[in-house]
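So the sequence shown is residues 471 to 638, counted in our numbering.
Worksheet for the structure shown next.
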Amino acid sequence: MNPFPAQGLEPSQDQIMRHLARSNEVARRAVSLGHHPFGAVLVGPDQETVLLEQCNIDTVNHAEATLARVAATNFTAEFLWGCTLYTTVEPCCMCAATAYWANIGRIVFGMTEASLLEQTGAHAENPTMNLPCRHVFACGQKAVQVIGPVSAIAEQAAAVQREFWATR
């Protein structure tokens, strides 16, 4: 039995689009700081309050995993279960597992890991693992809700990736 029943509001389509657009802006900020184009935003249970934003740092400190670690040290597990992590690219297996252990109850993403792999190919800087986050969560004991891919933002997310990886 899940010790953390669903809580918080379901995000509206407008909220999903706004927060995914914001995560895309954070990804662009990561590039301006010399990092890979990934960004994450954590939104509170009201689906409006932005609690944290995080750029990608490096290959082991991805935006989503770093955000989840910071969230876990600043908020209770019960509170985080009602929160939503937004990211333009589907969390990799490391990021999905970190969000799971941080007890973030919902993940929303624009484009899939498979689409990222199409953008980056076998690039040495981003050896993408084609492992959907739903598979990671299915191995756990908590029902993390996943919304994505969100086709209305997927092309914007892919454009940021294409633009970045074409220069590498």
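Positions of the beta carbon are idealized from the N, C-alpha and C atoms, including for glycine.
### Task
Count the other C-beta atoms from every protein chain shown that fall within 10 angstroms of the C-beta of His605, then say buried if there are 16 or more, exposed otherwise.
Along the sequence shown, read from residue 1 onward, the residue named residue 605 stands at position 135. Counting Cβ neighbours within 10 Å, His605 comes out exposed, since fewer than 16 surround it.
### Closest by C-alpha distance to Ile574, when choosing among Val496, Ile623 and Leu537
Taking the sequence shown and counting its residues from 1, the one referred to as residue 574 is at position 104. The option with the nearest alpha carbon to Ile574 is Leu537.
### Task
Would you list, in sequence order, the uninterrupted beta strand (DSSP E) runs of no fewer than 3 residues that lie entirely inside the segment 563-625?
576-581 and 615-617
#### Entry: Sequence-distant residues of its chain with Cβ nearer than 8 Å to Thr558 (five each side left out)
Here the question's residue 558 lines up with position 88 in the sequence shown. Cβ neighbours of Thr558 beyond the five flanking positions: Leu490, Ser493, Asn494, Ala497, Phe508, Gly509, Phe579, Gly580, Met581, Ile623, Gln626, Ala627 and Val630.
### Message
By the three-class DSSP mapping on this structure, what secondary structure does Val530 have?
### Response
The residue given as residue 530 occupies position 60 in the sequence shown. Note: Val530 maps to coil in three-state DSSP.
### Query
Hey, is the segment 509-523 in contact with the segment 582-596, meaning 3+ C-beta pairs nearer than 8 Å?
no
### Nearest to Val511 (by Cα), restricted to the options Tyr570, Lys612, Asn531 and Ile577
Your numbering for residue 511 matches position 41 in the sequence shown. Nearest option by C-alpha distance: Ile577.
### Query
Any idea what DSSP makes of Glu633, helix, strand or coil?
Along the sequence shown, one-based indexing puts residue 633 at 163. Of the three classes helix, strand and coil, the one that applies to Glu633 here is helix, per DSSP.
### Message
Mapping the DSSP letters down to three states, classify Glu518 as helix, strand or coil.
### Response
As a working mapping, residue 518 is identified with position 48 in the sequence shown. In the structure shown, Glu518 sits in coil (DSSP, three-state: anything other than H, G, I, E or B).
### Which of helix, strand or coil DSSP assigns to Glu480
The sequence position of residue 480 within the sequence shown is 10, counting from 1. Glu480: coil per DSSP, three-state reduction.
### Task
Please name the residue or residues paired with Gly509 in a DSSP beta bridge.
Your numbering for residue 509 matches position 39 in the sequence shown. Answer by DSSP bridge pairing, in chain order: Cys525.
### Query
How about Val614 and Tyr570: do their beta carbons lie closer than 8 Å?
Along the sequence shown, read from residue 1 onward, the residue named residue 614 stands at position 144. Along the sequence shown, read from residue 1 onward, the residue named residue 570 stands at position 100. Yes. Within cutoff.
### Query
Considering Leu550, what are the terminal residues of the alpha helix (DSSP H) in which it resides?
For the purposes of this step, residue 550 is identified with residue 80 of the sequence shown, where counting begins at 1. It spans Ala547 to Trp551 - the alpha helix (DSSP H) in which Leu550 sits, taken as one unbroken run.
### Task
Please confirm whether Asn526 and His506 have their CB atoms less than 8 Å apart.
In the sequence shown, the residue the question calls residue 526 occupies position 56. In the sequence shown, the residue the question calls residue 506 occupies position 36. In this structure, His506 lies closer than 8 Å to Asn526 by Cβ.
### Task
Determine the extent of the beta strand (DSSP E) in which Leu503 is found, giving its start and end residues.
Position 33 of the sequence shown holds residue 503. Per DSSP, Leu503 belongs to no beta strand (DSSP E) and is neither H nor E.
### Message
Run through the DSSP bridge pairs and tell me what Leu537 is partnered with.
### Response
Counting from 1 along the sequence shown, the entry for residue 537 is found at position 67. Per DSSP, none; premise fails for Leu537.
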